[in-house]
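Before any comments, here is the structure.
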Amino acid sequence: MADKPLLHFEISERKVLLRIFDVLFVLIALLLLNNFTDFDYFRITKGFWYWTFLLVTYLEVFAHIFELYDLQKASKFDIVLKNVVLTSSITVLFFILTPIISPSLPDNRFQILYFFLTISITLLCWRAAYIYLIASPRFNKKVIIVGDSFDIQMIAEAFKKADPNYEIVGFVNTDGRIETSNDELIQFNVKELREAVQNYHIKEIVVASGYKTGLMLPLYNELSFLLNKGFPIRDYMQVYEEITARIPVQNVDHDFYRYFPFSRSNQNKFYLYGLRLFDIVISLIGILFGIVLIPIILIGNIMGNRGPLFYIQERIGKNGEPFKIMKFRTMVKDAEAQGPRYAEKNDYRTTPFGKFMRRARIDEIPQFLNLLKGEMSLIGPRPERPVFVRELSHSIPFYNIRHVIKPGLTGWAQVKGDYSGEESGALEKLQYDLFYIKHRSLFLDINIILKTLSTVLSMRGQ
């Protein structure tokens with residue numbers, strides 16, 4: 000029998016915990032530093048409340064940018080150490096450089112060092128405690144999957160990748176014709192289900208079967224019994240979307256309308272007009288920035304690979320309308336002499352200077368012209384080439400739904416995905432795009448912008 004069940008925090012609960020206690024412990028540490036040492040650069044008082052507000056704002060923003068709230072990375076101390084140092088450094092730097100509403104620089108410059116060390120050490124101690132007490136495998140949420148044998152391994156891998164604390168203990172195979180062997184998961188039969196829930200301290204059953212034909216009567220009766228006892232039984236599609244932040248479009252069938260209730264923001268005039276105004280302002284800033292960079296990029300291209308500075312391609316936009324985008328050229332001349340092909344990681348066609356531009360996303364800067372013209376938005380699905388759209392729309396169900404909104408310079412798929420350029424990667428990308436279309440909101444847009452800044456600053460562009 001398994002050990003005594005332990006407390007489990009859901010994904011949203013863990014993120015809230017991290018945010019609250021990051022701020023709480025840092026403020027407590029600074030308060031103690033005020034009271035028990037001669038440190039007086041930063042004080043938590045009513046008269047200087049705006050100091051605290053400014054510090055908390057910077058801390059939350061830069062912790063988000065440097066991925067301290069990415070649950071996968073928050074469970075690995077080596078990554079946490081690096082991200083805490085980055086967050087603390089940039090937070091302190093912006094705080095001391097902010098005019099008027101931040102304290103004057105102290106005569107004793109060591110106080111700045113004490114300020115930085117207090118924030119860093121406090122965050123590291125709290126995050127170490129989080130890894131041991133909350134992110135530990137001892138606190139995993141144990142789950143049984145009910146589904147066809149063919150899908151079990153795929154489901155298990157997707158859940159494990161998205162949330163390591165979501166532990167699939169075993170499964171009930173609903174495809175009785177197939178003998179299933181899985182070294183990692185326990186296979187239960189229907190009669191063992193109640194006993195398994197009790198013995199293995201299962202917290203949830205996820206049903207990934209019966210969409211077309213319904214559940215077998217014995218299984219239906221067992222699940223109904225557990226449900227009537229208050230035990231959580233959830234639909235796989237709902238759980239998959241919640242954990243992975245993607246829509247499992249490959250499993251959507253005739254009742255597709257249940258899974259695509261588009262966000263109200265797609266028709267909200269205030270949201271759309273506000274987004275358009277934001278696009279115009281950002282595009283003007285981006286174009287000015289690009290003009291400043293052109294001489295540097297031109298020199299880099301001349302040294303790395305002589306040829307045109309710009310590269311123009313046709314892409315598919317909103318409602319399937321084609322339009323032209325312009326990018327700084329990152330590949331060798333005649334890169335597609337043998338026909339169109341997907342760009343890949345470490346693509347041999349990319350020039351050395353082109354690799355740098357891609358990692359920093361500099362090659363995308365000319366697309367601010369498309370933002371200004373209204374052909375693109377800052378945030379949305381990345382536009383694809385017509386040849387790939389034709390191929391993918393035939394092989395991936397509901398692919399063209401991504402064209403119901405304007406394509407974007409960045410998007411949910413770009414900041415979340417780690418996919419290849421092949422069809423499997425296109426499927427994952429579409430799953431993220433559909434999630435964005437379904438949940439589109441100001442909050443999600445801000446989240447994407449912060450994650451994009453993280454990608455640019457850490458040079459993780461592809």
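Read in order, the letters of the sequence shown are residues 0 to 461 in numbering that gives the first Met the number 0.
Ideal placement from N, C-alpha and C gives every residue a C-beta, glycine not left out.
When C-alpha distances from residue 146 are compared across 88, 236 and 136, the shortest belongs to 236. Looking only at 320, 308 and 318, the smallest Cα-Cα distance to residue 326 is reached by 308. Residue 199: not part of any beta strand (DSSP E); DSSP gives it neither H nor E.
When C-beta atoms of the segment 279-286 are compared with those of the segment 366-375, three or more pairs fall below 8 Å, so the two segments count as touching. Ranked by Cα distance from residue 333, the options 348, 344 and 323 are led by 348.
In this structure, the beta-carbon distance from residue 433 to residue 246 falls below 7 Å. Here residue 354 carries a helix assignment [DSSP, helix/strand/coil]. Judged by their CB atoms, residue 115 and residue 91 are nearer to each other than the 7 Å cut-off. In this structure, residue 78 lies away from residue 452, with their beta-carbon atoms at least 7 Å apart. Taking a C-beta distance under 7 Å as the contact criterion, residue 439 and residue 382 do not qualify as a contact pair. Per DSSP, reduced to three states, the secondary structure at residue 312 is strand. Bounds of the alpha helix (DSSP H) holding residue 387 are 385-394. When the five nearest sequence neighbours on each side are left out, the beta carbons in the same chain lying within less than 8 Å of the beta carbon of residue 321 are those of 313, 314, 315 and 385, in order along the chain. In this structure, the straight-line span from the alpha carbon of residue 208 to that of residue 214 is close to 7 Å. For a cut-off of 8 Å, the C-beta gap from residue 167 to residue 196 is around 14 Å, too long to register as a contact. Exclusion of the five residues before and after residue 28 leaves 117 and 121 as the residues of its chain whose Cβ lies within less than 7 Å of its Cβ. Short of 7 Å from the beta carbon of residue 331, and not among the five residues preceding or following it, lie these beta carbons of its own chain, in chain order: 304, 348 and 350. Comparing alpha carbon positions, the residue from 388, 344, 400 and 328 closest to residue 366 is 328.
Here the alpha carbons of residue 414 and residue 450 stand approximately 6 Å from one another. Approximately 5 Å separates the beta-carbon atoms of residue 397 and residue 248; this is inside 8 Å, confirming the contact.
Between residue 380 and residue 424, the CB-CB gap reaches or exceeds 7 Å. Rounded to whole angstroms, the separation of the alpha carbons of residue 455 and residue 426 is 24 Å. Membership of residue 166 in the beta strand (DSSP E) is indicated by the continuous run 165-172. Exposure of residue 339 is indicated by the presence of fewer than 16 other C-beta atoms within 10 angstroms of its C-beta. Within the DSSP secondary-structure output, residue 186 pairs in a beta bridge with 170. Nearest Cα to residue 139 within the set 162, 123, 150 and 412: 162.
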